[in-house]
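A.B. asks: The following block contains the structure, expressed as structure tokens.
Numbering (my numbering), first residue to last: 1393 to 1674.
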């Protein structure tokens, strides 16, 4: 789906899907509650999309996150139920090639968001999947990834970012920064200490890519915080800071992992915020 918002042309891209444990995806929320929203398979996994954004401002093509990529062995493809797409496959509906991407924004460096940063070439070498692009991420996110521990090591895979750091392809930023006219990066700590959200601001309204702050529409309620979050109480505080403004001002939201409702606005019902599906191109 492609639409215009101010001077920006925005396209939703599909990087494939994966399956993660439903209990881990909903943290302390009991299964009888979350399985009403997301039915698990026989291995207790729920299916998740990998929705990305392509933003074109007339000068640059900016890709937000890169999915899980294709550098996986059969064992891990099975564990995570991975059905990833190559860079060429996910960009094809937009009529764009990987070499035409100018900037890649990584919300954070977990494998399902930055795995497509790199790929293996015909010789088996790991190279940039977007050969002409710069990559941007929070400086603190790189520090977190490089100091991975027993709790975080499975999510931060060095092959997704170290080759690019070694080549000087990353631009490291600190905090709230603009990266173009109407395009801002907002700190959103909790899932990781230095996750960032691309927020697009124009007179026609605001578009926010929520990454793993609110991975699916089912995660809008404040207590619905993933077990994967490194600082869940900080996630809660970040949601309470951002979501009321999004509801009040009618922001268009992108849920990165929702395979059924990638776009939504927020409405209040019975004193609680809920996602309402919308068609931004309508």
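Idealized CB from N, CA, C, for every residue including glycine.
Quick one: complete beta strand (DSSP E) runs, 3+ long, within the segment 1489-1554?
C.D. replies: Runs of the beta strand (DSSP E) inside the segment 1489-1554: 1495-1497, 1510-1512, 1518-1520, 1526-1530.
A.B. asks: When the Cβ atoms of the segment 1589-1600 are set against those of the segment 1463-1473, are three or more pairs found closer than 8 Å?
C.D. replies: No, they do not touch.
A.B. asks: In chain order, what residues of the same chain lie with their CB nearer than 6 Å to the CB of residue 1407, ignoring the 5 residues before and after it?
C.D. replies: If you number the chain shown from 1, residue 1407 lands on position 15. Excluding positions up to five away in sequence, the list reads 1442, 1444, 1459, 1477, 1482.
A.B. asks: Rounding to the nearest angstrom, what Cα-Cα distance links residue 1671 and residue 1515 in this structure?
C.D. replies: Against the chain shown, residue 1671 aligns to sequence position 279. Against the chain shown, residue 1515 aligns to sequence position 123. C-alpha separation (whole angstroms): 43 Å.
A.B. asks: Taking the runs of the alpha helix (DSSP H) that are 4 residues or longer, which of them lie wholly in the segment 1552-1635?
C.D. replies: Within the segment 1552-1635, the complete alpha helix (DSSP H) runs of at least 4 residues are 1554-1558.
A.B. asks: On the DSSP letters alone, give me the boundaries of the beta strand (DSSP E) that residue 1655 sits inside.
C.D. replies: Position 263 of the chain shown holds residue 1655. Segment 1655-1661, the beta strand (DSSP E) holding residue 1655.
A.B. asks: Residue 1498: buried (16+ other C-beta within 10 angstroms of its C-beta) or exposed?
C.D. replies: Translated into the one-based positions of the chain shown, residue 1498 becomes position 106. Buried, since its Cβ has 16 or more Cβ neighbours within 10 Å.
A.B. asks: Throw me the rounded Cβ distance for the residue 1643 and residue 1598 pair, which I believe falls under 8 Å.
C.D. replies: Within the chain shown, numbered from 1, the residue matching residue 1643 stands at position 251. Within the chain shown, numbered from 1, the residue matching residue 1598 stands at position 206. Rounded, the Cβ-Cβ distance is 4 Å, consistent with contact.
A.B. asks: In three-state DSSP terms, what is residue 1424?
C.D. replies: Within the chain shown, the letter at position 32 stands for residue 1424. Three-state result, residue 1424: helix.
A.B. asks: Does the segment 1601-1618 come within contact of the segment 1578-1586, defined as at least 3 CB pairs closer than 8 Å?
C.D. replies: The answer is yes - the segment 1578-1586 touches the segment 1601-1618, with three or more Cβ pairs under 8 Å.
A.B. asks: Take residue 1660 as the anchor and find which of 1614, 1628, 1630 has the nearest alpha-carbon.
C.D. replies: Within the chain shown, numbered from 1, the residue matching residue 1660 stands at position 268. Ranking 1614, 1628, 1630 by Cα distance to residue 1660 puts 1614 first.
A.B. asks: Secondary structure at residue 1431, three-state DSSP: helix, strand or coil?
C.D. replies: Indexing the chain shown from 1 puts residue 1431 at position 39. Three-state DSSP puts residue 1431 in coil, outside helix and strand.
A.B. asks: Give me the Cα-Cα distance between residue 1709 and residue 1617, rounded to the nearest whole angstrom.
C.D. replies: Since the first residue shown for the chain is 1393 and the last is 1674, residue 1709 is missing from the structure and cannot be characterised.
A.B. asks: If distances are taken between C-alpha atoms only, which option among 1658, 1611, 1673 comes closest to residue 1419?
C.D. replies: Here residue 1419 refers to the residue found at position 27 of the chain shown. Looking at the Cα atoms, 1611 is the closest of the given residues.
A.B. asks: Rounded to whole angstroms, what is the Cα-Cα separation between residue 1664 and residue 1429?
C.D. replies: For the purposes of this step, residue 1664 is taken as residue 272 along the chain shown, with counting starting at 1. For the purposes of this step, residue 1429 is taken as residue 37 along the chain shown, with counting starting at 1. So the alpha carbons of these two residues sit roughly 16 Å apart.
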